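Chemist:
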Amino acid sequence: MRSNIWIPIDHIQDQEPIWAGTRIRMFELSPNGVEQNEQKQNKAEHSEQYMEYLLSYIHGNSDELQLTCLTQGEAGNIGAVISKDLPNHYTLAQMLKAMLAGTYSEVLFE
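In this text, residue positions in the sequence shown follow my numbering: the first is 427, and each later residue adds one.
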């Protein structure tokens, strides 16, 4: 069983399976090429500026998973579609990392 701890996406190994039901937060941090370490230090200042998504199955599409927005005002919008690691029913962290490149993100495994 996993705990309710948000883990920075870059702390997850590339081959870690990411299943449907995983929640992802994408933070809005300083643009203009700010160093990633500096962004992490500033995360606390921007803790309210994030979009939260749920990784879920797509009805009628067994090859991909989708990120569905949970944030009020945007809830239900599809943020992205990610390929599964076929024949498995999950994606790998490396696929999620590639999709989230350049965005400070955290993952909550549920």
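By construction, the Cβ of each residue, glycine as well, lies at the ideal position given by its N, Cα and C atoms. This structure is a prediction, so every number in the text was calculated from the model and none was measured.
What does the alpha-carbon distance come out to for the pair Cys495 and Ala501?
Modeler: As a first step, residue 495 is located in the sequence shown; it is residue number 69 there, counting from the start. As a first step, residue 501 is located in the sequence shown; it is residue number 75 there, counting from the start. Computed Cα separation, rounded: 5 Å.
Chemist: What residues in its chain sit with their C-beta under 8 Å from that of Ile484, if we drop five residues either side in the sequence?
Modeler: Counted from its first residue, the sequence shown places residue 484 at position 58. Cβ within range, chain order: Glu490, Leu491, Gln492, Val507.
Chemist: Output the boundary residues of the beta strand (DSSP E) element that contains Gln492.
Modeler: For the purposes of this step, residue 492 is identified with residue 66 of the sequence shown, where counting begins at 1. Start and end: 487-495.
Chemist: Who pairs with Tyr476 in a beta bridge, going by DSSP?
Modeler: The residue you call residue 476 lines up with position 50 of the sequence shown. DSSP lists Phe453 as partners of Tyr476.
Chemist: Counting only the same chain and skipping the five closest in sequence on each side, list residues whose C-beta sits under 7 Å from that of Val460.
Modeler: The residue you call residue 460 lines up with position 34 of the sequence shown. Low confidence applies to Val460: its pLDDT is 48, below 50, so where it sits in the model is not reliable, and the reading given next is rough at best. Closer than 7 Å at Cβ, skipping near neighbours: no residue.
Chemist: Using DSSP's beta-bridge definition, name the partner residues of Thr517.
Modeler: For the purposes of this step, residue 517 is identified with residue 91 of the sequence shown, where counting begins at 1. Answer is Ile444.
Chemist: Rounded to whole angstroms, what is the Cα-Cα separation between Ser537 and Glu442?
Modeler: In the structure as shown, the chain begins at 427 and stops at 536. Residue 537 is therefore absent and cannot be evaluated.
Chemist: Can you grab the Cα-Cα spacing for the pair Tyr476 / Ile450, in whole Å?
Modeler: Stepping through the sequence shown from its first residue, residue 476 is reached at position 50. Stepping through the sequence shown from its first residue, residue 450 is reached at position 24. C-alpha separation (whole angstroms): 10 Å.
Chemist: Once DSSP output is grouped into helix, strand and coil, what is the label at Ile504?
Modeler: Counting from one through the sequence shown, the residue named residue 504 turns up at place 78. Looking at Ile504 - three-state DSSP - the assignment turns out to be strand.
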